[in-house]
Amino acid sequence: MSDHEYTPKSKAGKWFNDRLPLLTLANHLTDYPTPKNLNYWWTFGGILTFCLITQIVTGLTLAMHYIAHADMAFESVEHIMRDVNYGWLIRYIHANGASMFFLAVYIHIFRSLFYGSYKSPREIIWIIGIIIYLLMMAAAFMGYVLPWGQMSFWGATVITNLFSAIPLVGEGIVTWLWGGYSVDNPTLTRFFTLHYLIPFLILGLVVLHIWALHVPGNNNPVGIDIKKPSKDTVPFHPYIVIKDGFALLMFMIVFAFFVFYAPNILGHADNYIEANPLVTPAHIVPEWYLLPFYAILRSVPDKLLGVVAMLSAILILAVLPWLDTSKIRSAVFRPLYKQFYWILVADVLILGYMGAMPAEGLYLLIARVATAYYFLHFLVILPVLGLKERTIPLPLSITEPVLGGSPNMAMAKKKESKLE
Amino acid sequence: MSDKKPKRRDFLFTASYAVGAVGAAAVVWPLVDQMNPDASVKALASTEVDVSSLTPGNTITVLWRGKPVFIRRRTQEEIAEARSVKLEDLIHPEKDEDRAKNPEWLVMLGVCTHLGCVPLNDKGDYNGWFCPCHGSHYDTSGRIRKGPAPWNMEIPKYEFVNTNTIKIG
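If you want it as structure tokens, here you go:
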């Protein structure tokens, strides 16, 4: 790291810092040189930290009233909603907080895809991010089971049954996951335990994610390597703190809209019916943030291959830094990639919509085409594009395009001729 | 590397790692196995069901080990339909004679073999069951005919205790 030596001003501070250099860490975090051209798409890291802390705080308080037992879970959630002081508020923040968390993480991931933030030297940051995303999905799924409504129960049944697709040991694994011969009380208690554990694992990974970020420093909209600290950077505090804070306020307005005006719009009415192992709801759908993967699962007519396709769709992201052969990070300088990027965004949105529709007829056909395109994007288009695409020349610094017009060929040429 | 003879110390290291690994595995196993079905879950192994009130063409659903079991008293047409199917037309070939020993009575787990939903009765393209979750069609013998499910619905162990009572498990 590019930190200069730091010495606390006060004698007590120096005494403490010599024994535990927390003040050096605080100084690093405030002075941390940040590219001065970061736009609002870069504020979602801070927003996600807020989401995680919100989920942990509301989750802890909900756990003081919730009872993880198949006979009492549903009633205890209603007890929270009706009897516990502000229970309705805490639960609605927690339930909608999960959706807000995913909304923010999807923007964060797609920002990375647009600006090539996953590329060298930031592969480890990206992979830790994908692990966090996987853990988020596990936590969200198990959390959705806890109210023990119809969608909880049947969602749990369907998702745990995915493991039965594994040849030979699949059935044994499912029985082991359930702790019985169906989703029942043992399943509920262990899901509660894991749902409680995972956020703290995520918290640990977030520390690693930020640590790994602070080694090379932030990527930026231009996507070039910059000297740190230099004219191209500003200190994290107060510049980025204020910008992140403003974006967080805007985000909280959206959050509050859902909590206070449409708290159940993202949920499913069937989850207000207590779990019944004898009746499957007519139409099982996961929460909106898992729909694209659900569409991929259903678009493959074979059970094992469907599960393999769904998992591959997520895990393919982990090897993305090596699938994208282009050395240019930002899509701003990749005219073709920019178009394919927006097609991918549309493709994922279409998959999400198809995941919410019944798997038949035209819906199924569109879902299959969209699934094929999803894999085509990562396995064929990205590797080939990096080799074939004619990219726009990069500016030499962040300051240059601001002072000298737009980053284009003419400008770079002029610069070169001047140097000669 | 290869011409180096293992020393006394190498042997001690290898032996220590091996003992350590066995010890760790012995400690981990109880922590893993505690998640398997416990004694109280296993104890609920069988259920007796009174089927005297069931008329042909009707199905009752009972709970056995937390899962629904369909008991259907089939009509003559349904039996004929199930028995006339050629084995080559089946995804998971099983004779109806093997699935329903007493042709009038079909006793099977009401659990779709795709992802575990409960299929709906008297629905689907084969007049048997239809799973609303991902669109699997089963025939009047509970055999998978169309859709993502890989196998026929499972036939549990059961027996007629007397003419009116079925014991499942």
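Chain order of the listed sequences is W and F. The opening position of the first sequence corresponds to residue 1 in my numbering, with each subsequent residue numbered one higher. The opening position of the second sequence corresponds to residue 1001 in my numbering, with each subsequent residue numbered one higher. Ideal Cβ placement from N, Cα and C applies to all residues, glycine included.
Tell me which residues share the same chain as Phe102(W) and place their Cβ nearer than 6 Å to its Cβ, disregarding the 5 neighbours each side in the sequence. Cβ contact annotation for Phe102(W) (same chain, cutoff 6 Å, sequence separation greater than five): Tyr289, in chain order.
Quick test of the definition: if touching needs 3 or more C-beta pairs under 8 Å, does the region 1065-1080 of chain F touch the region 1101-1116 of chain F? Taking a cut-off of 8 Å on C-beta distances, the region 1065-1080 of chain F touches the region 1101-1116 of chain F, as three or more cross pairs fall below it.
Consult DSSP for Trp322(W) and reduce its assignment to one of helix, strand or coil. If DSSP states are grouped into helix, strand and coil, Trp322(W) belongs with the helices.
Between the beta-carbon of Leu248(W) and the beta-carbon of Ile47(W), is there less than 8 Å? Yes, the Cβ-Cβ distance between Leu248(W) and Ile47(W) is below 8 Å.
When you compare each of Leu336(W), Phe153(W) and Ala346(W) to Val384(W) by their alpha carbons, which one comes out closest? For the residues Leu336(W), Phe153(W) and Ala346(W), the minimum Cα distance to Val384(W) belongs to Leu336(W).
Helix, strand or coil for Pro292(W)? Go by DSSP, reduced to three states. Pro292(W): helix per DSSP, three-state reduction.
If I measure Cβ to Cβ from Ser1040(F) and keep anything under 7 Å in the same chain, skipping five residues before and after, which residues do I get? When the five nearest sequence neighbours on each side are left out, no beta carbon in the same chain lies closer than 7 Å to the beta carbon of Ser1040(F).
Simplified DSSP assignment, three categories, for Ile131(W): Three-state DSSP puts Ile131(W) in a helix.
Does DSSP put Thr7(W) in a helix, a strand or coil? Under the three-state reduction of DSSP, Thr7(W) is assigned to coil, being neither helix nor strand.
Residues near Val259(W) in its chain [Cβ-Cβ closer than 8 Å; skip 5 each side]: Closer than 8 Å at Cβ, skipping near neighbours: Leu89, Tyr92, Ile93 and Asn96.
Specify whether the region 135-151 of chain W and the region 194-210 of chain W touch according to this definition: at least 3 beta carbon pairs, one from each stretch, less than 8 Å apart. Touching, per the Cβ criterion.
Taking all protein chains shown into account, decide if His209(W) is buried (16 or more other Cβ within 10 angstroms of its Cβ) or exposed. Per the 10 Å Cβ criterion, buried.
Close Cβ partners of Thr1047(F) (< 7 Å) along its chain, the five nearest in sequence each way excluded: Cβ-Cβ distances below 7 Å link Thr1047(F) to Val1062, Trp1064, Ile1168 and Gly1169 in the same chain, with the five nearest sequence neighbours on each side left out; the list follows chain order.
Using alpha carbons as the reference points, say which of Thr160(W), Lys327(W), Tyr363(W) and Leu323(W) lies closest to Thr423(W). Residue 423(W) cannot be examined here, being either before or after the span of chain W that is shown, 1 to 420.
Find the residues of chain F that neighbour Pro277(W), judging by a C-beta separation of less than 9 Å, and give them in chain order. Simply Leu1063, Gly1066, Lys1067, Pro1068 and Val1118.
In the DSSP assignment, the beta strand (DSSP E) including Leu1106(F) goes from what residue to what residue? Segment Trp1105 to Leu1109, the beta strand (DSSP E) holding Leu1106(F).
Limits of the unbroken alpha helix (DSSP H) element including Ser152(W): Gln150 to Asn161 is the extent of the alpha helix (DSSP H) around Ser152(W).
Roughly how many whole angstroms lie between the Cα atoms of Asn1085(F) and Pro1119(F)? Contrary to the premise, residue 1085(F) reads as Val rather than Asn in this sequence. Rounded to the nearest angstrom, the gap between the Cα atoms of Val1085(F) and Pro1119(F) is 21 Å.
Alpha-carbon to alpha-carbon, Met72(W) and His65(W): Each residue's alpha carbon lies about 11 Å from the other.
If you follow the alpha helix (DSSP H) that Cys51(W) is in, where does it begin and where does it stop? Start and end: Phe44 to Ala63.
What residues in its chain sit with their C-beta under 8 Å from that of Ser152(W), if we drop five residues either side in the sequence? Excluding its 5 nearest sequence neighbours in each direction, Ser152(W) has C-beta neighbours in its own chain below 8 Å: Tyr144, Val145, Leu146, Asn271 and Ala275, listed in chain order.
Residue ranges of each alpha helix (DSSP H) within the region 185-253 of chain W, 4 or longer: Assignment of alpha helix (DSSP H) within the region 185-253 of chain W, counting only whole runs of 4 or more residues, yields 185-214 in chain order.
Name the two residues that bound the continuous beta strand (DSSP E) containing Val1129(F). It should be pointed out that residue 1129(F) corresponds to Trp in this sequence rather than to Val. Here the beta strand (DSSP E) through Trp1129(F) covers Trp1129 to Cys1131.
What residue does the beta strand (DSSP E) around Ile1166(F) start on, and which one ends it? Note, Ile1166(F): beta strand (DSSP E), Thr1165 to Ile1168.
Find out if the Cβ-Cβ distance for the pair Phe340(W), His377(W) is shorter than 8 Å. Cβ distance < 8 Å, so Phe340(W) and His377(W) count as in contact.
Give me the subset of the region 260-285 of chain W whose CB atoms are less than 9 Å from a CB atom of chain F, sorted by chain position. The region 260-285 of chain W vs chain F, Cβ under 9 Å: Pro277, Leu278, Val279, Thr280, Pro281, Ala282, His283 and Ile284.
DSSP-derived helix/strand/coil call for Ser330(W): DSSP places Ser330(W) outside both helix and strand once states are collapsed to three, so it counts as coil.
With 8 Å set as the bound, which would you pick, yes or no: does the beta-carbon of Asn161(W) sit closer than that to a beta-carbon of chain F? Residue-level contact check: Asn161(W) touches chain F, since one or more beta carbons of chain F fall below 8 Å from its beta carbon.
Helix, strand or coil, according to DSSP, for Tyr1138(F) in the structure here? Tyr1138(F): strand per DSSP, three-state reduction.
May I have the straight-line CA-CA distance separating Asn1127(F) from Val1051(F), to the nearest angstrom? When rounded, the distance between both Cα atoms is 22 Å.
Neighbourhood of Val1161(F) by C-beta, 8 Å cutoff - its chain only, sequence neighbours within 5 removed: Only Glu1048 and Lys1167 meet the Cβ criterion.
Can you list the residues of chain W that Val1161(F) reaches, using a CB-CB cut of under 7 Å? For Val1161(F), no chain W residue has a Cβ inside 7 Å of its Cβ, as the nearest lies near 22 Å away.
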